[in-house]
Every structure is written in structure tokens, then in C-alpha cells.
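Participant:
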Amino acid sequence: MILMLASSLLFFLGEHIAITITARALQGLSASFVWVSGLAFLTSQTKPDYIGTAMGYVSAAMGAGELIGPIIGGAMYEYIGHFAVLGLVCGILGVDILLRIVLVEKPSEPHRGNTPGQDNEEQPLLDGEREEPISRPADTQDTTKTRCITIFGRHLESDLCASFYAAIIIGTIRYAFESALVVFVSQHFSWSTSASGGIMFAFCSPAIFGPLIGHYTTKHGPRWTSVAAFIIAAISLVALGFLTHADKTTKILFVTVVTTIGICLSLLSTVQSVAFSMATKRREVKAKQEGRDGSSGVAFGGFSMAWTVGMFIGPLAAEVFVDHVSWLGFCIFLASLSAVSSVVMSFTWREWDVSAE
1 MILMLASSLL FFLGEHIAIT ITARALQGLS ASFVWVSGLA FLTSQTKPDY
51 IGTAMGYVSA AMGAGELIGP IIGGAMYEYI GHFAVLGLVC GILGVDILLR
101 IVLVEKPSEP HRGNTPGQDN EEQPLLDGER EEPISRPADT QDTTKTRCIT
151 IFGRHLESDL CASFYAAIII GTIRYAFESA LVVFVSQHFS WSTSASGGIM
201 FAFCSPAIFG PLIGHYTTKH GPRWTSVAAF IIAAISLVAL GFLTHADKTT
251 KILFVTVVTT IGICLSLLST VQSVAFSMAT KRREVKAKQE GRDGSSGVAF
301 GGFSMAWTVG MFIGPLAAEV FVDHVSWLGF CIFLASLSAV SSVVMSFTWR
351 EWDVSAE
């Protein structure tokens, strides 16, 4: 957070383009650290029954930030000036740093290994008592072992890899859509800047339902919710490709379909975040049972990287399809990604038992 604060000051006060670029790079680097460590901490400190609700609040907070930040920042920059925005940013980061300082971490569970003064003859009995409540049938363990994928020498569960894949697809669709949407409505509907901002509000506002979605996912699992959301998003994207006329009815339908797509993407973002958090929690618990390091930071680093890949591919796809193909071709491309993903998601997360964690 201190690095983020320093890079923000560098960005606002720097007068050379090289300083500005360096500041933005440092902002991105520090934001990645804050994001990954925050999710890892949240998962490690939250009981499995409440992870869904917690991740839902995270999604809602992100959506609120995406909506409120540009509105407040733009108004302050226009009417008060450059340094007013700097003051607001520094104030928010300062409050964040103070909250992190006073944050109390839940004490970790005792290690399973031998402790000083503990009799080695009693340890096997104690270990047996600890392991008995979480024992599973042999066939379940074999099933779990067979559903692993080795990537860069690390054994990852197939469900975990599925959430990686889903994050890339969701990020690609979301950021491609965000890149092209405002430009499209400005060119084809001759909408003003405020009206274009309104369409983004319709696209991002469904994120406020994140806590409800997270709670539902914790109880019922992410499988069929993800399948349904991807299918509805695919159908909506195809329909959106044909809504190019500038009449009033088409504009109303356009906003309605965009809102539907926003609901689907917000739903998918929260559902897959919950699914990934549960898988990471499961790996963390298993590692602690085996006496290994149970840190989930590496896993969330990979999840953040998956989102970053989507952020990189999405705008590039928007540039290629909207400028060199057509709006319909762009929408069909995103719809095909969504349709294929619905099939992939139907084969994942067949087992979902939060009580087992």
C-alpha cells in the first residue's frame, strides 16, 4: 500500500512521460500485491460456510468502485482540479493503510507435527483422533487423485484449472465489451458522454447482488449456475449484434440486453471467485493436515494472472473485430467463447460439499 501511495504521488506530480509510465507500472505492480494478498488473507480467515458471502461482498465492492470512481474523479477533476483528485486518492490509500495496521489476524491452528515436550508414543493416537472426522471413503480419494492436472510441475485439481479457464474467458468478454461498448453507442446512437456512462452503469450495476450470489453458490455449487449464465450470455451477445439501428425501440432493447449481459458476467465473476476460493481453502486445509505450508498466495496469484490475461486479450479482440470485421462479428466471437465455456463448465465441480472443508 505504501508503494501504491508513492507511485500515485509520482504519477500526479511527475512532469515527464517516462516518470508517468514508471508510476503507472509501479501502480499496477503494487495493486497486484494488494489484490492477491487481500484475497489470500480473506480466504484463510473465513470459514468455508461464509466464503461465498465474503467473496460476494468483494465483487459488490469492485462493482461499486468501478461505478463511483470515474464519476467522482471526473467531477472533481473538471470542477476543482488536478490536485483535488490527488488528495482524494491519497486520503483513500491512507485510510486503507490504517485499516490494515489495526487488522487483527486470526491465530493459526496448531501444527500437527511433534511439539517440544510431547511424547512421540502418544502422537500417532492424537493424529488418528484428528484425522478421523475428516476421513473419506477410499473411492472418493481415488477420484480426487485422478482428477488432477500437472502444470509447470505442480499438481492442480481439474476444478481449480476450470476456474482459471473461466477467469480468463470472463475477463476477455468483460474487458472486450467495456472497450467497445462506449465507442459503439457514441458512433451509432450519437449518445453523449453522460449517456455512454449510463450504459456502463447498466453493465456494471448488477455486481451489487454479489453477496446473494455468493451465498447461493456456497450452498448449491458453481456448476449449473455457471453453465446457465454462459448460455444466457451467449444468446444475449448474438442478439446484441443485430441491434444496430438508431430507433427508440432498438435503443431500449440494446440497454436491456446489455444489462442482461452485465448480470451474467457479474454472476459468473462471483460464482467462479467463490469456487476458486473454496478449492484453494481445500488445498490449504489438506496441506496443513500433511504438515506442509498451506499458503494460498501462489494460487490467488495465478487467479489474478488469469484475469490479467483476459484484460490483455479483451481489448485486443475488440480492436480487431470492431474496427476490421463488424459489430456483429465481434458479438458472435464473444458469444462463441461463452457457448464453449458453458460446455466446459458442465464437466466441472461435480462434487460440492462445503461441510467437508
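Numbering (UniProt numbering), first residue to last: 1 to 357. The C-beta atom is built at its ideal place from N, Cα and C for all residues, glycine as well.
Using C-beta distances below 6 Å, list every residue in its chain close to G52, excluding the 5 sequence neighbours before and after it, in chain order.
Facilitator: G214, H215, T217, T218 and V274
Participant: May I ask you to verify whether the segment 260 to 275 touches the segment 52 to 68, counting CB pairs closer than 8 Å and requiring at least 3?
Facilitator: yes
Participant: Excluding five sequence neighbours on each side, which residues of the same chain lie with their C-beta closer than 8 Å to the C-beta of C90?
Facilitator: L5, S8 and L9
Participant: Helix, strand or coil: how does DSSP classify F12 here?
Facilitator: helix
Participant: Classify P70: buried if its beta carbon has 16 or more other beta carbons within 10 angstroms, exposed otherwise.
Facilitator: exposed
Participant: Give the secondary structure of E351 by DSSP, where H, G and I count as helix, E and B as strand, and everything else as coil.
Facilitator: coil
Participant: Pop quiz: F347 and G262 are said to be a contact at Cβ under 8 Å. What is the actual Cβ separation, rounded to whole angstroms?
Facilitator: 26 Å between Cβ atoms; not a contact.
Participant: Taking the alpha helix (DSSP H) that G28 falls in, what are its first and last residues?
Facilitator: I17 to Q45
Participant: When you compare only the Cα positions, how much space is there between A318 and Q187?
Facilitator: 15 Å
Participant: Compare the C-beta of Q187 against all C-beta atoms of chain C and say whether one is closer than 8 Å.
Facilitator: Here chain C cannot be found, since the structure has a single protein chain.
Participant: For the putative contact between V255 and I199, defined by C-beta atoms under 8 Å, what is the C-beta separation to the nearest angstrom?
Facilitator: 6 Å
Participant: As an exercise, report each continuous alpha helix (DSSP H) stretch of at least 4 residues that is fully enclosed by the segment 152 to 206, in chain order.
Facilitator: 158 to 188 and 193 to 204
Participant: Do you know how far the Cα of R223 is from the Cα of M345?
Facilitator: Roughly 6 Å between the two C-alpha positions.
Participant: Please state if the CB of A229 and the CB of A335 are separated by a distance shorter than 8 Å.
Facilitator: Going by C-beta atoms, A335 is not nearer than 8 Å to A229.
Participant: Which residue's Cα is closest to the Cα of M1: I168, T43, V36 and I169?
Facilitator: V36
Participant: What do you reckon, is the C-beta of A176 under 7 Å from a heavy atom of the ligand SAH?
Facilitator: The ligand SAH is not among the ligands present in this structure, which contains no ligands whatsoever.
Participant: Does the contact criterion of 3 or more C-beta pairs under 8 Å hold for the segment 9 to 22 versus the segment 79 to 90?
Facilitator: yes
Participant: In three-state DSSP terms, what is T244?
Facilitator: coil
Participant: Whose CA, out of A31, T20 and C161, lies closest to the CA of G302?
Facilitator: Nearest option by C-alpha distance: C161.
Participant: From T250 to S326, what distance separates their C-alpha atoms?
Facilitator: Our two residues, T250 and S326, have alpha carbons roughly 18 Å apart in a direct line.
Participant: Where does S336 sit, in a helix, a strand or coil, going by DSSP?
Facilitator: helix
Participant: Which residues in the same chain have their Cβ closer than 6 Å to the Cβ of T260, if we skip the five residues on either side of it in sequence?
Facilitator: S236
Participant: Could you name the residues of the same chain whose beta carbon sits closer than 7 Å to that of K286, not counting the 5 residues immediately before and after it, in chain order?
Facilitator: none
Participant: Take the Cβ of Y175 as the centre, count every other Cβ of all protein chains shown within 10 Å, and call the residue buried at 16 or more, exposed below.
Facilitator: buried
Participant: What is the residue span of the alpha helix (DSSP H) that M55 lies within?
Facilitator: P48 to Y79
Participant: Going by beta-carbon coordinates alone, are S341 and A54 separated by less than 8 Å?
Facilitator: no
Participant: So, using beta-carbon positions, are F242 and L328 closer together than 8 Å?
Facilitator: yes
Participant: Once the 5 residues before and after L93 are set aside, which same chain residues still bring their CB inside 7 Å of it?
Facilitator: M1, M4, L5 and S8
Participant: On the criterion of 16 or more Cβ atoms from any shown chain inside 10 Å, does K47 qualify as buried, or is it exposed?
Facilitator: exposed
Participant: Measure how close the beta-carbons of A246 and F189 come, nearest whole angstrom, since I'm counting them as under 8 Å.
Facilitator: The beta-carbon separation of A246 and F189, rounded to 6 Å, stays under the 8 Å limit for a contact.
Participant: Count the other C-beta atoms from every protein chain shown that fall within 10 angstroms of the C-beta of S163, then say buried if there are 16 or more, exposed otherwise.
Facilitator: buried
Participant: Between the Cα of E66 and the Cα atoms of E178, S277 and I17, which residue gives the shortest distance?
Facilitator: If we check each option's Cα against that of E66, E178 comes out closest.
Participant: Quick check on A18: buried or exposed, where buried means 16 or more other Cβ atoms within 10 Å of its Cβ?
Facilitator: exposed
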